[in-house]
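Okay, so here's the structure we're looking at.
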Amino acid sequence: DQVRQLGHLYTVLKEEVAQLEATKADQAELENLCLRFSEGDQESISNVLSNLRGQVSSLQGQVSSLQGLASDLQGQKEKVSQQREAESTLPGGKRLPLRSSTEPKPAHISLLLARSKLQEIKQELGEQQVMTKAALEQLVTKTAEQLQQQLDKLPVMVESRGQGQAEGQAVCPVCSTDTGTQLGHLQCYKRLQELMDSLMSQQAVSKVSKVSRQLPGRSQQDEEQLKNIQVSIVQLQRDGKELSSATRSLMDDLQQQEKDIK
């Protein structure tokens, strides 16, 4: 409000100055007045003097008005200065530092800080994506190696069980106790193997799902690679189930032969 009042007073002051400029007599008017004084009669001279006195009175009134406006303007300036000084003073008596025209504005500083923070977040996400990809590849490789090791051991297990079955057929009924003990061991091994396969499958799937959920900013290529990895894991699980089924069938045959021996 005070700033608007100052603007209004300044406008009025400009108008008064313009009126003063308009009432000034130029050199031609002065020469004309001198000519009238020298050639005119007493009545014309009196009229001119009366007009001049009226103009002088008007000018004096305008000067008084201008002085009042100037005084009001000075008072408004002092009030504004006091208000600014009060606003720039802290509760502890300290003054706020005046901001230089060359200093960056708060909005510009906030924009720079936001850009810097965004750049840091992008860099962290990129590093996290690289680490997550490496961890996922390592997990898939380790799981595939473990499943391959189990597949490699299966033929040896089947062969050893076949040999044990042949030896069991050759053993007389009196030696059936040894065969029963071996059968118990095989059954325990079968249960342990199934439990291990189930745990490994669940662990692999849960790790892959967890890593895939934590992976930020995945591209279409990353999605395709992840799907291929999941398909490979599912296929390995199916192969493991088929091998477990074959092992179970062999165990059933072994149990049947044990019953026949008894």
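Residue numbers 482 to 743, in this note's numbering, belong to the letters of the sequence shown in order. Think of the CB as a built atom: it goes at the ideal place given N, C-alpha and C, for glycine as much as any other residue. All values reported here derive from a predicted model rather than from experimental measurement.
When the beta-carbon positions are compared, LEU547 and GLU497 come within less than 7 Å of each other. In terms of Cα proximity to GLN557, the closest of LEU617, LYS722, HIS489 and THR613 is HIS489. LEU494 sits close to LEU550, with the two beta carbons spaced by under 7 Å. The C-alpha of SER591 is placed about 12 Å away from the C-alpha of LEU599. With a cutoff of 7 Å on beta-carbon distance, ILE742 and VAL621 are scored as not near each other. Here ILE602 is exposed. Its C-beta has fewer than 16 other C-beta atoms within 10 Å. About 7 Å separates the CB atoms of THR624 and ILE714; that is less than 8 Å, so the two are in contact. Residue environment for LEU617: buried (at least 16 other C-beta atoms within 10 angstroms of its C-beta).
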